[in-house]
Amino acid sequence: MKKMLQNINRKEVVFIIIILIAIAILTLLPTGFQKQEYHFTEGVRAKVISVNNLGIHSSGIFKLGDQSALIEIETGSHKGEQVQANNMLTGSLSVDKIFQAGDKAWVLLGFDEDNKINFANMIDHYRIDKEILLIGTFALVIIIFSGFTGVRTLLSFTFTLLSIWKILIPAMLYGYNPLIVALLVGNVLTVVTLLSVAGFTRKAYASIISAVTCSIATCLLAILFGSLFNIHGAVMEGAESLLYAGFMDLDLTLVFQGGIYLACSGAVLDLAIDISSALEEIIHNNPHVTKTALMKSGLNIGKSVVGGQTTTLLLAYMGSYITVMMVFMAQGTPFMNILNSKPIAAEILHTFVGCIGLVLVSPLTSLICGLIYDWDSNTAQNQG
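So for the sequence shown, the working numbering puts the first residue at 33; every next one is plus one.
Have a look at this one:
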């Protein structure tokens with residue numbers, strides 16, 4: 033622990049304090065879209081005691097009607113009480129849920145003027161405890177493996193989530209240009225993440241310059257090919273629901289292009305820090321290496337890493353659209369029709385814009401590292 037604390041320089045301490053303050057502010061910052069909870073209602077966790085499925089009507093694999101259940105309230109002002117609750121079924125597999133005795137559910141309670149429960153709607157299965165367990169496992173593993181760097185990684189991770197939820201999404205809903213908002217937030221997140229992971233070192237500075245430059249390049253490619261592909265932003269899941277919710281002035285195409293940029297910026301950031309870290313190790317082990325040799329090493333490392341990263345990007349995007357591709361195959365859709373369909377064309381745009389960004393970041397990071405690291409190539413130290 034002492035050794036860990038000794039390795040923390042003053043800049044990093046100040047930076048961590050700033051991030052903690054920013055996280056606290058973002059946590060308390062209202063989005064402006066919080067709807068006041070309906071009067072005389074309360075969300076609670078409840079345990080399902082028993083269920084009655086007589087009201088469920090099955091039609092093949094689909095279920096309609098309603099399921100009633102006796103539940104015991106475990107949180108809130110009526111903790112310990114047992115009431116009858118309803119679970120409405122709409123025939124949608126993605127929305128409907130079936131409860132069994134022993135399940136935990138998130139329930140919306142309604143009260144009359146005397147604070148007595150007059151209805152209980154079963155919203156969904158209660159998953160918060162499992163989510164906390166999974167997140168806690170992730171935090172524990174990364175701290176054990178990475179030490180204090182893992183703590184900084186968790187801080188940047190938290191800052192990223194809050195920035196997207198409290199700044200990016202509300203700004204887009206308020207009508208600000210989605211592409212500009214995505215660029216500003218994305219670049220800030222890139223800087224914060226790389227400084228958190230790599231500290232105030234030359235490898236962090238090199239990674240930031242190359243990652244930001246290549247991310248902007250991917251943004252321009254997303255705009256160019258998004259226009260050439262003639263893809264409307266409504267191709268995104270849930271996009272039309274935004275229009276029906278009253279946000280008619282939203283430019284969904286710009287939201288789509290901003291989403292491509294954000295998705296690609298993460299992969300670009302990853303590769304930039306990989307290459308700059310590898311080149312830093314070369315400098316440490318061979319402080320007299322020449323600029324040309326260092327850049328050549330970076331290019332060779334990049335060739336290997338880019339191949340794996342592009343495949344990772346392809347698998348990540350294809351995995352999210354696996355059912356769409358299964359539908360096309362099951363229906364015997366001609367291959368040319370598949371390639372020309374909006375969902376697949378959108379994924380092609382996502383994937384290959386990201387891949388181009390990955391290819392560009394390799395030589396650029398190598399060049400920047402060659403320039404920055406070579407200034408001090410006669411020593412084994414590489415601190416900024």
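Note that beta-carbon positions come from the ideal geometry of N, C-alpha and C, so glycine has one too.
Rounded C-beta distance between Val229 and Thr185? I'm assuming under 8 Å. That belief holds up - the Cβ atoms of Val229 and Thr185 are roughly 6 Å apart, short of 8 Å.
Could you give the uninterrupted runs of the alpha helix (DSSP H) lying entirely in the segment 365-401, keeping only those of 4 residues or more? Runs found: 367-372.
Would you kindly report the start and end of the unbroken beta strand (DSSP E) that includes Met154? Start and end: 149-157.
On a Cα-Cα basis, can you pick out the residue from Ile292, His320, Gly330 that is closest to Ser308? Closest by alpha carbon: Gly330.
Which of the three DSSP states, helix, strand or coil, is assigned to Val244? In the three-state DSSP reduction, Val244 falls in the helix class (H, G or I).
Decide if Lys162 is buried, meaning its Cβ has at least 16 other Cβ atoms within 10 Å, or exposed. Lys162 comes out exposed.
Between the segment 261-281 and the segment 234-243, do three or more beta carbon pairs fall short of 8 Å? No: the two stretches stay apart, fewer than three of their Cβ pairs being nearer than 8 Å.
Contacts around Gln289, its chain only, beta-carbon distance under 7 Å, and the 5 residues preceding and following it disregarded: Leu211, Ala254, Ile255, Gly258, listed in sequence order.
Quick one: which unbroken beta strand (DSSP E) runs of 3-plus residues sit fully inside the segment 248-330? Chain order, please. Counting only runs of 3 or more, we get nothing.
Mapping the DSSP letters down to three states, classify Asn118 as helix, strand or coil. In the structure shown, the three-state DSSP call for Asn118 is strand.
Where does Ala133 fall in DSSP's three states? The answer is coil: DSSP assigns Ala133 none of H, G, I, E or B.
So Val83 packs on Val139, CB below 8 Å; how close in whole Å? Cβ atoms of Val83 and Val139 stay farther apart than 8 Å, at about 14 Å.
Which class does Phe360 belong to by DSSP, given the choice of helix, strand or coil? Collapsing the DSSP output to three states places Phe360 in a helix.
Run through the segment 194-244 for me and flag every whole alpha helix (DSSP H) of 4 or more residues, listed as ranges in chain order. Counting whole runs of 4 or more residues, the segment 194-244 contains the alpha helix (DSSP H) stretches 201-205, 210-230.
Please report the straight-line C-alpha distance between Met418 and Met350, rounded to a whole angstrom. Nothing can be reported for residue 418, as the shown portion of the chain is limited to 33 through 416.
Which stretch, first to last residue, makes up the alpha helix (DSSP H) that contains Ser178? Run containing Ser178: 160-178, per the alpha helix (DSSP H) assignment.
Using the three-state DSSP reduction, which class does Ile404 fall into: helix, strand or coil? Ile404: helix per DSSP, three-state reduction.
Could you tell me which of Asn372, Asp128, Pro62 sits nearest to Ser90, measuring between CA atoms? Measuring from the Cα of Ser90, the nearest candidate turns out to be Asp128.
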